[in-house]
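Have a look at the structure below, then the notes.
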Amino acid sequence: MYQFISILVILVSVLLILIVLVQNSKGGGLASNFSASNQVMGVRKTTDFLEKATWTLAGTLLVLSFVAVMVLPKGQAAGAEIDEKVNALPVQQEVPAFPTPAQGDQAEDQATEDGQ
């Protein structure tokens, strides 16, 4: 069932991409190719169709995404695997020692003495 929903999500995504690419941000797009007034679908109807198709596909993608999460097999949940791996990591007990300002000054003094 999860594979079927995943295929539907991919199909709807590709259709949504194609519909968005057909549209023109300035209001032209596919509608600009139909400049004759005796066309079956006029410019306004083509734009309305593309807008309705975009909203419908976006809503379908949203619903399919929620359905895909609901039918996700429990054994394939990635969060549990990550938690197990993090808990299995060894805990580092040692804290790295950083030089204190006094030790840093001594190191600088020693470096200047070695350089002279």
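For the sequence shown, our numbering begins at 1430 and goes up steadily by one. The beta-carbon is built from N, C-alpha and C at its ideal position, and this holds for glycine as well.
Straight-line spacing of the CA atoms in G1488 and A1526 works out to 56 angstroms.
Here F1527 carries a coil assignment [DSSP, helix/strand/coil]. Boundaries of the alpha helix (DSSP H) harbouring Q1432: Y1431 to V1451, taken from the DSSP string.
The C-beta of L1447 has fewer than 16 other C-beta atoms within 10 Å across all chains shown, which makes the residue exposed. V1441 is classed as buried because its beta carbon has at least 16 other beta carbons within 10 Å across all chains shown.
Between V1451 and L1479 a beta carbon distance of about 6 angstroms is seen, short of the 8 angstroms cut, so the two are scored as contacting.
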